[in-house]
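> Would you mind keeping the following structure in view while I ask a few things?
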Amino acid sequence: QECRQQEERQQPQCQQRCLKRFEQEQQQSQRQFQECQQHCHQQEQRPEKKQQCVRECREKYQENPWRGEREEEAEEEETEEGEQEQSHNPFHFHRRSFQSRFKEEHGNFWVLQRFASRHPILRGINEFRLSILEANPNTFVLPHHCDAEKIYLVTNGRGTLTFLTHENKESYNIVPGVVVRVPAGSTVYLANQDNKEKLIIAVLHRPVNNPGQFEEFFPAGSQRPQSYLRAFSREILEPAFNTRSEQLDELFGGRQSRRRQQGQGMFRKASQEQIRELSQEATSPREKSGERFAFNLLSQTPRYSNQNGRFFEACPREFRQLRDVNVTVSALQLNQGSIFVPHYNSKATFVILVTEGNGYAEMVSPHLPRQSSYEEEEEQQEQEQEEERRSGQYRKIRSRLSRGDIFVVPANFPVTFVASQNQNLRMTGFGLYNQNINPDHNQRIFVAGKINHVRQWDSQAKELAFGVSSRLVDEIFNNNPQESYFVSRQRQRASE
């Protein structure tokens, strides 16, 4: 892009310089990966620990787990007739859809692009933003507040999350499954307690100023991030803090000591003693009514469960921590080779994050016009007429899913999730509602399994709708008397 802005005669030299710089960066990254890999083989004795260490080296120096550039992802485009091409799938956000806001040595903060940037059908949830916070072992995340209501959902590691409202200080030990609501304007800081595991948290934002836009404000900082206090004039700061100008210079980085230069960024390396001190007052949230702002989703009784999988869900009507934000939080644990049977949600659009394993989603969608058609106002009426003509016609959207991917399921779109044959599939989700929708009235309606709505139809309705005898309809839709919600593909193949 820089070369395009050069004059034509200078472009070849510019392109050569860019290519050389790119090759140097690739070589440096490869050297760092090899050194990290060698360290793993020297330090780790157990094979599983050695493999994990090498995998973390690869994630750090060869592929980013949230913006992966694996070439095989290009192979995900579906070619079967009737399937929507992956490249035109507005519901599947690859890991590379996350944009780096803070990318540092000790951690990363990624923000997903706005939902409606893919297609207007997602405008109903465009006021929300999703981000991923990733802190390395023994790392402290700088105190900050945000102009958004936030839901933290821990997906990996263990740590401490502390935040302060104008009334109270809350501090929680956090592990996978812990959900914490942080009110807008609350100052929050975190620490990764683990010596080896990364702390990874999915953060849902509901901005209070501009829908879909949020900012962090850091009271302490040097270069990036800066302290917002430095933006005030000396005439304000000196009397407000009753402090001399020299002390303010020292506090806010006027004198750049070696220690200060080493401690820049949103993520700071901390000693184990400092981490222990930060965790002393923390409590471990368990029961939904036990804490004002936090609970452990995975310690609740599963909403659906059998030998093939488990589904956990926390709704605003049952969990007071979620009422002010009007968000449902869920977790799906699907065993290898298992299916979460087709279903749909009546009022909630679910944003699903894959946290472990591989699998795929199949979803039924009306035929949607491409995003580009909405950029031309004169074509909009023609597109609307085409939509009306194609009403009642559907397209199968099939998306391969792996760790770090996002899949969005609009309200009333039937969907199913399938785990691969050799790996369990783990996902977390946020159920989002249009601001005019009451979240208490959302229902999950199953179209297969023991509890499916077709079983409740009148016999005449079955015959008129399907054009066959109601006995055949019952035979098919009642053919799973013991299985609900989760089924195994192996059992079906064995019966064949």
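Take 52 as the starting number for the sequence shown in the numbering used here and just add one per residue. Glycine is no exception: its CB is placed at the ideal position from the N, C-alpha and C atoms. Computed from a predicted model, the values in this text were never measured in an experiment.
#1: Output the boundary residues of the alpha helix (DSSP H) element that contains Lys201.
#2: Using alpha carbons as the reference points, say which of Phe142, Gln89, Ser80 lies closest to Lys447.
#3: Check whether the Cβ atoms of Pro393 and Val498 lie closer than 8 Å to each other.
#4: Could you say if the segment 208 to 224 and the segment 379 to 394 meet the contact criterion of at least three C-beta pairs nearer than 8 Å?
#5: Please classify Ile527 as buried or exposed, where buried requires at least 16 neighbouring CB atoms within 10 angstroms.
#6: Considering just the uninterrupted stretch of the beta strand (DSSP E) at Pro393, what are its terminal residues?
#7: Where does Trp117 fall in DSSP's three states?
#8: If you draw a straight line from the alpha carbon of Gln541 to that of Ser535, how long is it in whole angstroms?
#9: Closest by CA to Glu324, which one among Asn189, Pro262, Ser397?
#10: Short check: CB of Asn493 to CB of Gly500, under 8 Å?
#11: Measuring straight from C-alpha to C-alpha, what distance separates Arg295 and Gln79?
#12: Are Leu404 and Val380 touching if we call contact CB-CB under 8 Å?
#13: Could you spell out where the beta strand (DSSP E) holding Val259 opens and where it closes?
#14: Within its chain, find whatever has a CB closer than 8 Å to the CB of Gln444; leave out the 5 residues flanking it on each side and keep chain order.
#15: Leaving out the 5 sequence neighbours to the left and right, which residues in its chain are closer than 8 Å to Trp117 when beta-carbon positions are compared?
#16: Going by DSSP, name the residue or residues bridged to Arg361.
#17: Using the rule of at least 16 other Cβ atoms within 10 Å of the residue's Cβ for burial, across every protein chain shown, is Ala242 buried or exposed?
#18: Using 8 Å as the cut-off, can you tell me whether the segment 456 to 466 makes contact with the segment 355 to 363, which would need three or more C-beta pairs spanning the two stretches below that distance?
#19: For Pro465, which of Ala412, Ala512, Ala345, Leu383 has the nearest alpha-carbon?
#20: Looking at Asn396: is its Cβ nearer than 8 Å to the Cβ of Tyr484?
#21: From the DSSP output, read off the bridge partner residues of Glu267.
#22: Express the C-alpha separation of Arg506 and Gln472 in angstroms, rounding to a whole number.
#23: From Glu129 to Arg449, what distance separates their C-alpha atoms?
#24: Mark Lys247 as exposed unless 16 or more other C-beta atoms lie within 10 angstroms of its C-beta, in which case mark it buried.
#25: For a test of the three-state rule: what should DSSP assign to Arg506, helix, strand or coil?
#26: List the whole-angstrom C-beta distance separating Arg232 from Gln358, where the pair is believed to meet the contact cut-off of C-beta under 8 Å.
#27: Is it right to say Gly518 is buried, meaning 16 or more other beta carbons lie within 10 angstroms of its own, or is it exposed?
#28: Going by alpha carbons, who is nearest to Cys87 out of Val105, Lys71, Arg72?
Let me spell this out:
#1: Taken as a continuous stretch (DSSP letters only), Lys201 belongs to no alpha helix (DSSP H), being part of the beta strand (DSSP E) at 199 to 207.
#2: Residue Phe142 is the option with its Cα nearest to Lys447.
#3: Cβ atoms of Pro393 and Val498: closer than 8 Å.
#4: Short answer: they don't touch.
#5: Result: exposed.
#6: Unbroken beta strand (DSSP E) run through Pro393: 389 to 396.
#7: Note that Trp117 has pLDDT 47, beneath the 50 cutoff, so the model's placement of it is unreliable and the number below is only indicative. DSSP places Trp117 outside both helix and strand once states are collapsed to three, so it counts as coil.
#8: For Gln541 and Ser535, the distance between alpha carbons rounds to 16 Å.
#9: Nearest option by C-alpha distance: Asn189.
#10: No.
#11: Going by the C-alpha atoms only, they are around 46 Å apart.
#12: No, Cβ-Cβ distance for Leu404 and Val380 is not below 8 Å.
#13: Where Val259 is concerned, there is no enclosing beta strand (DSSP E), given that its DSSP letter is neither H nor E.
#14: Answer for Gln444: Pro417, His418, listed in chain order.
#15: Residue placement at Trp117 is poorly supported in this model, since its pLDDT is 47, which falls under 50; the coordinates still yield a value, given next. These residues qualify, in order along the chain: Arg146, Phe149, Asn159, Trp161, Ile183, Glu185, Gly455.
#16: DSSP lists Ser356, Gln384 as partners of Arg361.
#17: Burial call: buried.
#18: Segment contact: the segment 456 to 466 against the segment 355 to 363, fewer than three CB-CB distances shorter than 8 Å; contact not assigned.
#19: In terms of Cα proximity to Pro465, the closest of Ala412, Ala512, Ala345, Leu383 is Ala412.
#20: In this structure, Tyr484 does not lie closer than 8 Å to Asn396 by Cβ.
#21: Beta-bridge partners of Glu267 (DSSP): Cys197.
#22: Approximately 30 Å between the Cα atoms of the pair.
#23: Confidence at Glu129 is low in this model, with a pLDDT of 39, below 50, so its placement is unreliable and no value can be given for it.
#24: Lys247 comes out exposed.
#25: Here Arg506 sits in helix by DSSP.
#26: In this structure Arg232 is not in contact with Gln358, their Cβ atoms being roughly 33 Å apart against a cut-off of 8 Å.
#27: With fewer than 16 other Cβ atoms inside 10 Å of its own Cβ, Gly518 counts as exposed.
#28: Comparing Cα-Cα distances from Cys87 to each of Val105, Lys71, Arg72, the minimum goes to Val105.
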